[in-house]
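K.L.:
In the numbering used here, the protein residues as written are 404 to 517. Quick one: this structure, given as structure tokens, is what I'll be asking you about.
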Amino acid sequence: MLPRLKKVSRKEFPKGHKKGATYHSSHLSLVVVKKDFETPSKFSFVISSKVAKKAVERNKLKRWTYQTIQKEYDNIKNGFVCVFFSKKNSTELLHSQFEDQVRVLLKNAHLLKK
RNA sequence: GAGUUGUAUCGGGCAGUUGCCCCGACAUUGUCGGGGAGGAAAGUCCGAACACUCCCCUGUUUUACACAGGGAGAAGGGUAGCGGGUAAUUCCCGUCCGGAGCAAUCCGAGAGGUGCGAGCAGAGACGCCACACAACGAAAGGCGUGUGGACGCUUCCGUAAGGAGGCGUAGCCGAGCACCAUCUGUGUCUCUCUAACAAGAGAUAGAGAUGGUGCUCGGGUGAAACGGCUAAAUCCUUACUCGAGUGCAAGGCCGUGCUCCGUUGUCUUGCAACGGAGAGUGCCGCUUGAGCCACGCAGUAAUGCGCGGCCCAGAUAAAUAACUGUCGCCGAGCACCAUUUGCGCGUUUAAAUAGUUUUGGUAUCAAGACAAAUUAUUACGUUUUUGUCUUACCAAUACUACCUAGUGCCUAAAUGGUGCUCGGUACAGAAUUCGGCUUAUAGAUACAACACAUAA
RNA sequence: CUCCCCGUAGUUCAACGGACAGAACGGAAGCCUUCUAAGCUUCUAAUGUAGGUUCGAUUCCUGCCGGGGAGA
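Following this line, the structure appears as structure tokens:
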């Protein structure tokens, strides 16, 4: 899991999506907003109850994303606020497929240092 | 043995890797130690605690404001056999009654009153009249209250959906009873006639048949059948209970932080001071509580009391996790072993094994016999091809030989154990707290009860 | 999280506890017309679900299911 400092707090949440750049994959989408380059990047995950009706499913998807971000966190550049949005079919994925989707989105957004 | 019902409990264990939230200590941004979802955390269907606003009453006070204590009445809501439990309940316990079930057991808003009573079926669940009484209304009049608008009661009057009243319609089939009418024949008495009987006339008694009227009972229809019964879980009353509403997004704290506005100062942006507003899990409420465990006592029980021990999530864009290995549990399949049981044949002749006969199937490499075809002017022979039979193999049947009391079902069925493979390992995630109810839940365990089958 | 409201044909709405649940716009078939439109006739299709009260439930009561709304 991510520590609380690396997650987006309620005040820092970007209010309109129009400011940031959006990236899409087949089961997820990502909104990235630039901030100052000093602070480390922060992440968030949004899933509505229409996507997954049970709270257990929603918690599971949220934990999967935070876990893959925690694995890749050393490679990620500083100074961004990133929000993952789930699409309607995102409950169909297995765990390894879900991790690949998150990695592909991070790569497409040019957040990885390499 | 295989079920059913009720109650209660559990609902994965261990190890490794990578991580998260809270508390404490040391120390300072790290180490160490402790803790980290449920029986339903769910639905939000009830109830309570707690908090605020409002209403009313009492007291302090001349009154008001304010403070303290409390919820009597009205309206509205809820509950409903009876008794008990609880902080409280649409909850729980005991018990009566009604219903379901063979039974264990389960279900029930189960007080009292009034009366709407359609359609179909059926002979029939009524129709009409009037407005004395009851009910409702108030244009006009009267009386009362009030300055007045008006309000209340009442007379004449009006209303009919009809409580009570009157009249009437309908009334099938069968049986019984009563009354009336007609007819039939009989008995008794009196009179006439006769010697007498018979006959005739009159009166009276009871019987039978037919018809009519009235009453009672039954049939059939329907949930209910003639003036009663049953019925509101949409009405009314009674008893008990809740003052009404909002719900932790209740409610409160906070400046030195953030945003906006205004004023003043320096006076170009900007900065500083003061005031106001807003936002804000920054902090409280927030987890020690109708708490959990064990024992004893009271009680049929729900539950209560006493005593001892324990501290057991507290996040806030929201922690409690992810992956791997192994073990466990359940189901299915396969293999091996063990036990039990069934059916057939048999102990007077078995089966298995060997040989022969008959029948059927397969194979046609080789050999033999027979038949057909091919080559055609005709005949015969040879070669080739095809078919059948025998020799070959298998199965069944019958007989013979051999041998003993078991053997067969071409490995039958059930149960248990071991090993291997495959599949499954549920429902589901705290958000103010607690007590209930309802719903979802792979499976596992314990106890109690009931009915069925079998054996003793 | 807390608190409210609503479920009837494909759609929008009706229906004292009483038959076979009605209307409009739809859809299908036929008639009319040279053809289409309009018009006429016929058909189609529903009480969210499970119990209870009642002789009888769309309506009354209770539990689930689904949808919608309010409070920052």
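Note that CB positions come from ideal geometry on N, CA and C, so glycine has one too.
In terms of residues, what are the limits of the beta strand (DSSP E) holding V484?
P.N.:
483 to 489
K.L.:
Could you spell out the range, first to last residue, of the alpha helix (DSSP H) harbouring V459?
P.N.:
In the DSSP annotation of this structure, the continuous segment of the alpha helix (DSSP H) that includes V459 starts and ends at 458 to 475.
K.L.:
Over what stretch of residues does the beta strand (DSSP E) that includes V435 continue unbroken?
P.N.:
431 to 437
K.L.:
Please name the residue or residues paired with K510 in a DSSP beta bridge.
P.N.:
Answer is none; K510 lacks a bridge partner.
K.L.:
So what's F501 in DSSP terms, helix, strand or just coil?
P.N.:
The answer is helix: DSSP assigns F501 an H, G or I state.
K.L.:
In three-state DSSP terms, what is S493?
P.N.:
helix
K.L.:
Can you name the start and end residues of the beta strand (DSSP E) that K445 belongs to?
P.N.:
Its beta strand (DSSP E) spans residues 445 to 449.
K.L.:
Assign V356 to one of two classes, buried (16 or more other C-beta atoms within 10 Å of its C-beta) or exposed (fewer than that).
P.N.:
For residue 356 there is no data in the structure shown, the boundaries of the chain being 404 and 517.
K.L.:
Tell me where the beta strand (DSSP E) around L424 begins and ends.
P.N.:
The sequence shown places Ala at residue 424, rather than the Leu named in the question. It spans 424 to 427 - the beta strand (DSSP E) in which A424 sits, taken as one unbroken run.
K.L.:
Can you tell me whether K410 is helix, strand or coil according to DSSP?
P.N.:
strand
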